[in-house]
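Numbering (UniProt numbering), first residue to last: 1 to 173.
For every residue, glycine included, the Cβ atom is placed at its ideal position computed from N, Cα and C.
Below is one structure; the comments refer to it alone.
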C-alpha cells in the first residue's frame with residue numbers, strides 16, 4: 001500500500017484485520033484521501049492475494065498454533081460439528097486448511113467465506129449463515145475468534161464467543 005501512497009498506521013490492524021479484504025482496502029484508501037471504489041478494491045485484493053499466498057506457503061506451519069490443532073482434533077473426536085466462518089477467500093481456506101497446508105479442512109463440516117456473504121464482519125451475516133446451513137440455533141454455537149471485528153460479529157449474531165488473539169490481533173479490545 002505504501003507503493004500506492006498509502007500509510008498504514010497502528011490503527012490498520014484494528015480497523016481492517018478480520019474484515020473482508022475489499023472492505024479493508026476501501027477503508028485504507030479513503031483514510032489516505034484516495035478515491036475508493038469496489039473495482040479498485042478488487043484489483044488490490046487480487047494483488048494482495050498473490051503476495052499472501054507466497055508468504056503463507058512458506059511460513060504457515062511456523063505461525064500456526066499447535067494447540068489450536070489439538071482442540072480441533074479433540075472436538076472432532078467428541079463428534080462436535082465444526083465450521084469455519086472466515087472473511088478470507090475459499091482459495092485462502094484451501095491454502096491454509098487444505099492438504100498442502102495444515103490438512104485440517106476435512107474436519108470442518110461447513111465453510112463459509114467472505115465470498116459467500118454480502119456484508120463482512122463485524123456484521124453478523126457470516127455467522128448467521130453458518131448456523132443456518134448447519135441447522136444449529138445461534139445460542140447453541142461456540143465461536144473461537146481471533147479478531148476484534150470477528151468477536152463483535154459472532155456476539156451480534158447471538159452466539160457464545162471466546163476471543164483467542166493471535167500474534168497479529170493481540171491488543172484488539
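With distance defined between alpha-carbon atoms, name the residue in the options nearest to residue i.
i           : options             : result
residue 115 : 69, 45, 37 and 26   : 45
residue 82  : 106, 60, 90 and 49  : 106
residue 127 : 42, 158, 67 and 102 : 158
residue 91  : 33, 53 and 163      : 53
residue 76  : 39, 32, 108 and 100 : 108
Mind reading off the beta-carbon distance from residue i to residue j? Whole number of angstroms is fine, and I expect it under 8 Å.
i           : j           : result
residue 151 : residue 161 : 5 Å
residue 132 : residue 125 : Actually they do not touch by this definition, with Cβ atoms about 10 Å apart.
residue 49  : residue 87  : Wrong, their Cβ atoms sit about 13 Å apart, outside the cutoff.
residue 102 : residue 144 : That belief does not hold up - the Cβ atoms of residue 102 and residue 144 are roughly 15 Å apart, past 8 Å.
residue 55  : residue 104 : Not confirmed; about 19 Å, so no contact.
Note down, in chain order, each residue of its chain lying with its Cβ closer than 6 Å to the Cβ of residue i, except the 5 sequence neighbours on either side.
i           : result
residue 21  : 45
residue 2   : Any answer about residue 2 is weak, because its pLDDT of 49 lies below 50 and its placement is not dependable; what the coordinates show is given next. Nothing meets the Cβ criterion.
residue 122 : 149, 152 and 153
residue 29  : 36
residue 70  : none
residue 26  : 36 and 41
If you drop the 5 nearest sequence neighbours on each side, which residues of the same chain put their C-beta closer than 7 Å to that of residue i?
i           : result
residue 155 : 161
residue 85  : 112, 126, 127 and 130
residue 110 : 83, 130, 133 and 134
residue 166 : 146
residue 78  : none
residue 120 : 19, 20, 23, 87 and 114
Grab me the residues of residue i's own chain with a C-beta within less than 8 Å of its C-beta, minus the 5 sequence neighbours each way, in chain order.
i          : result
residue 42 : 22
DSSP puts residue i in a beta bridge; with which residues?
i           : result
residue 27  : DSSP output for residue 27 lists no bridge partner at all.
residue 142 : 160
residue 83  : 110
| message | Check whether the region 59-66 and the region 91-106 touch, using three or more Cβ-Cβ pairs below 8 Å as the test. | response | Output reads yes: the region 91-106 touches the region 59-66.
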